[in-house]
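Novice: Below you will find the structure I want to go over with you.
Number of protein chains: 2
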Amino acid sequence: MSIPSDLDIAQAATLKPMDDIARQMDLPTEFLERHGTDVAKIELEAIEAMKDRPRAKYVVVTAVTPTPLGEGKTTTTVGLGQAFSHIGKRGVVAIRQPSMGPTFGIKGGAAGGGYSQVVPMEKFNLHLTGDFHAVTSAHNLLSAVLDNHLYQGNAAGLDPYRVTWRRVLDVNDRALRNVVTGLGGRMDGVPREAGFDITSASEVMAVLALSNDLGELRQRLGRIVVGYTPDGDAVTAEDIHAAGSMAALMRDALKPNLMQTLENTPVLVHAGPFGNIATGNSSIVADRIGIHSGDFLVTEAGFGADMGAERFFNIKCRTSGMSPDAAVVVATVRALKVHSGNHKIVAGKDLPPALLEENPEEVHAGAANLRKQIENMRIHGVSPVVCINAFPTDHPSEHQAIREIAESMGARAAVSTHFADGGRGAAEVAEAVAEAANEPSQFQLLYPDDAPLREKIETIATKVYGADGVDYAPAANTSIDLYERNGFGNLPVCVAKTHLSISSDPKLLGAPTGWRMPVREVRASVGAGFIYPICGDMRTMPGLGKNPAAHHIDVKPDGTIVGLF
Amino acid sequence: MSIPSDLDIAQAATLKPMDDIARQMDLPTEFLERHGTDVAKIELEAIEAMKDRPRAKYVVVTAVTPTPLGEGKTTTTVGLGQAFSHIGKRGVVAIRQPSMGPTFGIKGGAAGGGYSQVVPMEKFNLHLTGDFHAVTSAHNLLSAVLDNHLYQGNAAGLDPYRVTWRRVLDVNDRALRNVVTGLGGRMDGVPREAGFDITSASEVMAVLALSNDLGELRQRLGRIVVGYTPDGDAVTAEDIHAAGSMAALMRDALKPNLMQTLENTPVLVHAGPFGNIATGNSSIVADRIGIHSGDFLVTEAGFGADMGAERFFNIKCRTSGMSPDAAVVVATVRALKVHSGNHKIVAGKDLPPALLEENPEEVHAGAANLRKQIENMRIHGVSPVVCINAFPTDHPSEHQAIREIAESMGARAAVSTHFADGGRGAAEVAEAVAEAANEPSQFQLLYPDDAPLREKIETIATKVYGADGVDYAPAANTSIDLYERNGFGNLPVCVAKTHLSISSDPKLLGAPTGWRMPVREVRASVGAGFIYPICGDMRTMPGLGKNPAAHHIDVKPDGTIVGLF
């Protein structure tokens, strides 16, 4: 079986006019704001206009703890969205917009792959309608107003050594991680240590993803904490008079982007917050539209089920008030074999040949991870469906092994060949999802708003990650006390840890037990609405490799982009 | 006479559908790429499709040496564009996209004013279709690839102390002028002194403005010089394999943006290169479309006639091969009175009362500047028309004084009330322009491509600025020799000097003589295609003031932006 390249498949696609895509969603075309032929923004008035329509089943796609290669969560999300039309239902997909930085770094697309892609992929991967640029602009305007505030007399009384707000750019640039700004002389600002993160790590991005409407976006931007006074009182974007301008820059970015899959399934592409220090989920406003646009709204949550799905439940759904009906846990033969502890995968290198040999016992040996992630759905009261994402190198006995693991947990399971076959290949998964979503919803949040921050952290660590407990570094304790004293104790918690293990140690495979989670420091995204403990080395500005994609991408005089994938 | 605020006028405007605007230009609507209701990009295929259509008269709008408040060049450009419909002709306007940085700095719009504005002004001033963001992205991708090149072994042999490429952001942020990057440790890049300019100062912006088509844009990006080897050999964006990716990021930005004036005159808004270190003119591709879209294409050149218009002729027209038919020199009573030397205007403060008293003699006393700028049009063989931009505080005798000065030079002159009256108020100017443009074209470049760089600089200094000669600092001589040795000697020259005097000394009013121009250093925009000698203190990253517009702009829950003007 030979599948053409993603680019070849994408460029051979027949796209439908956006009006037709909107009609499939029962979305009146008057709400479309066109951005070229194949992309439209949706006016937020659509939310109010559609709110009395029937409600779709709300399905989150998550995964076992992935290998460094990823296990095909985006392709599954796109493929499953396409699959519903093959079982007589209407599916709508909601996914994150990818960051442009990594597009020019490690070769590889974010639009899905094979016959499960979002098109046109050049638009999807480059600029789209400029929402990331709006985030960059709003974020850095706040940075400029902040440094100007220090320069013009510091009326808010900020402690220059306790400024927490950095700058952002949507580029992989390690040289910007740690910088000194304000050099040059008396007219050139106040010298201080500073740094840049990638735009997807901006709190403004998380605000975009977690706002229910424009008024709330405006309020959240105002609540962003930029630093503290010497007495430990938070200073906000509102305090230094930057939030209104930020909101003006973000106004149009809050409108979700409408695209389509290769099979013309509607796709809402909106926001792209980081998956470790932020929620790793697409926007609430997109889901508020998608939930009234079909029979099934399929949305993806970043990284494994302990990460993205947990935040989907306890941060995104808590904030939106929306309740999920089913969770798809993507599992691969490859990942479970790696969780057996017998293999090591390194990104950019060939797979070890032993990994490709038929070995269902090894799949069973790595079952603990899948079991725990299924359980992680159950503790939130959400019905899990295991999607066995088939690779050409898999063997039927290995798929059967995954099916047995799932069924031993009482979970539905189905093999999916959406990469090779498009929506048709995910039809069996779609049937299983439809059944699971029809069970009465038992959805529950893991902890109440008013639990103390340490209790929230410990609840996630013990119940979701399987830790025995949590150890706080002194700096972490100081920060938690500071946040609770400033009134931030009622926020949910987003644990920033590795995505390569359910534990906070990337080397621990399977479902580690008998470990304690070390919290090195704790930071606050007060505007976005969460506190994030740092458990490990979190990189918020990637670098470029020795031979990055940036060296190979080009554009022909006729406008064709080459080398993007 | 009381005129409503710019914002009130703009929000009361009745906009026509973009299809109607295109039809006014005989532009097939199939070439429109829609970006919301009131903005469209124009596909570049339109250039080929329209090239055999009748050619419009090509009119550049320039000005006397302005006061710090500006003399209404943009309002005149917009008003004159509108005026042609009042004399039975079709006008099209081509102007620069404004930078967002100053929008949040000093309060004041860039969309024209009064009844001569481009609408919708919120779109015009914020993001538009993201072209500036594309420039920021492409520029900073090159920066990242460059620092990565140093980090990964420096195969091109760059001298880290001779890196000339900086970074850019579209924000007024003085703290970014001088920074140290690459701090943190072994994994965080190579430490070095660096800095940020505002996006409009990016060479990529100048490339956007000066490319005739996408293939040429790609080539120009490749020719950008990022630094030098220890032996003084230039290292380019092509050498470090970044130019293709930059072109991919810039592909859609090369399509000009179509908007309209309050009177529904078509406006091409495209590119916004700095007026001192770059050309200060809008894009060639926009003009290549506009020149076949009506009877008159009216375009604005930044700053006074010694600056923007000189570059319009000797850089933009040299590069495009297009030939201007008339030049409008905007003059105000206020500016000529200031050139008399009797008054001083400070931005942000009230005008001195004595300036507002009826005093035609004082206008005559400041005539030298207008005479010299008229002469500066003549030495390029272009017919000048003096537009007397009327202010409510002017007196008829003062307008008459300007008319006498113009006519003593054999130039046409007319009073314009476009601010208060829209296009109707500029009808007399439009008639004069139509007459001037009907004279046989005598257009000539000031110097040939193959003149040595020093000769080019001296030609501009003596013939346009009225200097006795040029003095080069040692660093300037070194750079000129370096550029000529690297094969850049055939490029035109863009003298970076103050816009507040025809001389390089901002304090010298009128038409200074008996002075020599000091060239402190010389830089090269090899990709954009010009060499720029620095004659004075050029600031390429503005700062915010004590009470910037950023503190007052806001957005209401219904999406209305307030405080923008």
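Chains as they are written, first to last, in the UniProt record's numbering: chain D, 1 to 565; chain Z, 1 to 565. Ideal placement from N, C-alpha and C gives every residue a C-beta, glycine not left out. What you are looking at is a predicted structure, and each value in this text was computed from that prediction instead of being measured.
So is Arg-485 (chain D) buried or exposed if we call it buried at 16+ other beta carbons inside 10 Å?
Specialist: Counting Cβ neighbours within 10 Å, Arg-485 (chain D) comes out exposed, since fewer than 16 surround it.
Novice: From this set, Z:Asp-239, Z:Val-415 and Z:Gly-510, which residue's C-alpha is nearest residue 584 (chain D)'s C-alpha?
Specialist: Residue 584 (chain D) lies beyond the stretch modelled for chain D, which goes from 1 to 565, so this question has no answer here.
Novice: What residue range is occupied by the uninterrupted alpha helix (DSSP H) comprising Gly-101 (chain Z)?
Specialist: Note, Gly-101 (chain Z): alpha helix (DSSP H), 100-103.
Novice: If I follow the unbroken beta strand (DSSP E) through Tyr-472 (chain Z), where does it start and stop?
Specialist: 469-472 is the span of the beta strand (DSSP E), which, as asked, contains Tyr-472 (chain Z).
Novice: Please compile the residues from chain Z whose C-beta is within a distance smaller than 7 Å of the C-beta of Phe-104 (chain D).
Specialist: Neighbours of Phe-104 (chain D) on chain Z, chain order: Leu-141 and Ser-245.
Novice: Enumerate in chain order the residues of its own chain whose CB-to-CB distance from Thr-229 (chain Z) is below 7 Å, with the five nearest sequence positions on each side excluded.
Specialist: Around Thr-229 (chain Z): Gly-157, Leu-158, Asp-159 and Val-235.
Novice: Got a sec, what are the start and stop residues for the alpha helix (DSSP H) Arg-334 (chain Z) sits in?
Specialist: Note, Arg-334 (chain Z): alpha helix (DSSP H), 333-339.
Novice: How about Val-433 (chain Z) and Asn-257 (chain Z): are their beta carbons less than 8 Å apart?
Specialist: Not a contact, by the Cβ cut-off of 8 Å.
Novice: Roughly how many angstroms separate the alpha carbons of Asp-20 (chain Z) and Asp-350 (chain Z), rounded to a whole number?
Specialist: Spanning the two alpha carbons is a distance of roughly 43 Å.
Novice: Please report how far the alpha carbon of residue 578 (chain D) lies from the alpha carbon of Arg-174 (chain D), in whole angstroms.
Specialist: Because chain D spans 1 through 565 in this model, residue 578 (chain D) falls outside it and cannot be assessed.
Novice: For Arg-90 (chain D), which residues from the same chain have a beta carbon less than 7 Å from its beta carbon, with the 5 sequence-adjacent residues on both sides left out?
Specialist: Correct list, in chain order: Gln-24, Phe-84, Gly-294 and Asp-295.
Novice: Where Asn-264 (chain D) and Arg-96 (chain D) are concerned, what is the direct C-alpha to C-alpha distance, given to the nearest angstrom?
Specialist: Going from the Cα of Asn-264 (chain D) to the Cα of Arg-96 (chain D) covers about 18 Å.
Novice: Go ahead and pull the three-state DSSP assignment for Thr-164 (chain D).
Specialist: Thr-164 (chain D): coil per DSSP, three-state reduction.
Novice: Identify the continuous beta strand (DSSP E) that holds Asp-197 (chain Z) and give its terminal residues.
Specialist: Note, Asp-197 (chain Z): beta strand (DSSP E), 196-198.
Novice: In chain D, which residues lie less than 8 Å from Glu-33 (chain Z) when you measure between Cβ atoms?
Specialist: Per Cβ cutoff of 8 Å: Gly-36 and Thr-37.
Novice: What do you get for Thr-37 (chain Z), buried or exposed, if any count of 16 or more other CB atoms within 10 angstroms of its CB means buried?
Specialist: Thr-37 (chain Z) should be labelled exposed.
Novice: Can you confirm whether Leu-158 (chain D), when its beta carbon is compared against all beta carbons of chain Z, has any partner nearer than 8 Å?
Specialist: False, the Cβ-Cβ gap to chain Z never drops below 8 Å.
Novice: For Pro-533 (chain Z), does the count of other Cβ atoms within 10 angstroms reach 16, so buried, or fall short, so exposed?
Specialist: It is buried - the Cβ of Pro-533 (chain Z) has at least 16 other Cβ atoms within 10 Å.
Novice: Which residues in the same chain as Gly-105 (chain Z) place their Cβ atom closer than 7 Å to its Cβ, once the five residues preceding and following it in sequence are excluded?
Specialist: Excluding positions up to five away in sequence, the list reads Asn-172, Pro-542, Leu-544, Gly-545, Pro-548 and Ala-549.
Novice: Could you give the distance in angstroms between the alpha-carbon of His-364 (chain D) and the alpha-carbon of Val-145 (chain D)?
Specialist: Straight-line Cα distance between these residues: approximately 56 Å.
Novice: Could you check how far apart the C-beta atoms of residue 569 (chain D) and Ala-301 (chain D) are, in whole angstroms? I think they sit under 8 Å.
Specialist: Nothing about residue 569 (chain D) can be read from this structure; chain D reaches only from 1 to 565.
Novice: Using only alpha-carbon positions, find the residue among Z:Gly-410, Z:Ala-406, Z:Ala-436 and Z:Pro-392 that is nearest to Phe-419 (chain Z).
Specialist: It is Z:Pro-392.
Novice: Taking only beta-carbon atoms, is Lys-546 (chain D) less than 8 Å away from chain Z?
Specialist: By this cut-off, Lys-546 (chain D) is an interface position.
Novice: Where in the region 278-339 of chain Z do unbroken runs of the beta strand (DSSP E), each at least 3 residues long, occur, reported from the N-terminal end onward?
Specialist: Counting whole runs of 3 or more residues, the region 278-339 of chain Z contains the beta strand (DSSP E) stretches 296-300 and 326-331.
Novice: Between Glu-431 (chain Z) and Ser-383 (chain Z), which are expected to be in contact by the criterion C-beta below 8 Å, what is the C-beta distance as a whole number of angstroms?
Specialist: Contact doesn't hold; Cβ gap of about 14 Å is too wide.
Novice: Taking the alpha-carbon positions, what's the Glu-71 (chain Z) to Ser-501 (chain Z) distance?
Specialist: Those two C-alpha atoms are separated by around 14 Å.
Novice: Which of the residues in the region 169-189 of chain D, read from start to end, lie with their CB under 9 Å from any CB of chain Z?
Specialist: The region 169-189 of chain D vs chain Z, Cβ under 9 Å: Leu-169, Asp-170, Val-171, Asn-172, Asp-173, Arg-174, Ala-175, Leu-176, Arg-177, Asn-178, Val-179, Val-180, Thr-181, Gly-182, Leu-183, Gly-184, Gly-185, Met-187, Asp-188 and Gly-189.
Novice: In terms of residues, what are the limits of the beta strand (DSSP E) holding Asn-389 (chain Z)?
Specialist: Where Asn-389 (chain Z) is concerned, the enclosing beta strand (DSSP E) stretches over 384-389.
Novice: Quick check on this structure: which residue in D:Gly-529, D:Glu-203 and D:Tyr-465 has the alpha carbon closest to the alpha carbon of Thr-498 (chain D)?
Specialist: Among D:Gly-529, D:Glu-203 and D:Tyr-465, the Cα nearest to that of Thr-498 (chain D) belongs to D:Tyr-465.
Novice: Let me make sure I understand the geometry here. Which of Z:Leu-169, Z:Ala-271, Z:Ala-10 and Z:Leu-32 has the alpha-carbon closest to that of Leu-128 (chain Z)?
Specialist: Measuring from the Cα of Leu-128 (chain Z), the nearest candidate turns out to be Z:Ala-271.
Novice: Tell me whether Ala-496 (chain Z) sits in a helix, a strand or coil according to DSSP, three-state version.
Specialist: Strand at Ala-496 (chain Z).
Novice: Closer than 6 Å by C-beta to Ala-368 (chain Z): which residues in its own chain qualify, once you throw out the five before and the five after it? Chain order, please.
Specialist: For Ala-368 (chain Z), where only same-chain residues beyond five positions count, the Cβ hits under 6 Å are Gly-510 and Ala-511.
Novice: Would you please state the rounded distance, in angstroms, between the beta carbons of Ala-243 (chain Z) and Arg-218 (chain Z)? I believe it to be under 8 Å.
Specialist: The Cβ separation is near 7 Å, so the contact holds.
Novice: Could you tell me whether any Cβ in chain Z is nearer than 8 Å to the Cβ of Ala-550 (chain D)?
Specialist: Yes, its Cβ sits closer than 8 Å to a Cβ of chain Z.
Novice: Based on Cα-Cα distance, which residue from Z:Ser-479, Z:Glu-122 and Z:Asp-394 lies nearest to Ser-99 (chain Z)?
Specialist: For the residues Z:Ser-479, Z:Glu-122 and Z:Asp-394, the minimum Cα distance to Ser-99 (chain Z) belongs to Z:Glu-122.
Novice: Rounded to the nearest angstrom, what separates Asn-376 (chain Z) and Ala-437 (chain Z) at their Cα positions?
Specialist: Looking at the two C-alpha atoms, the distance is approximately 17 Å.
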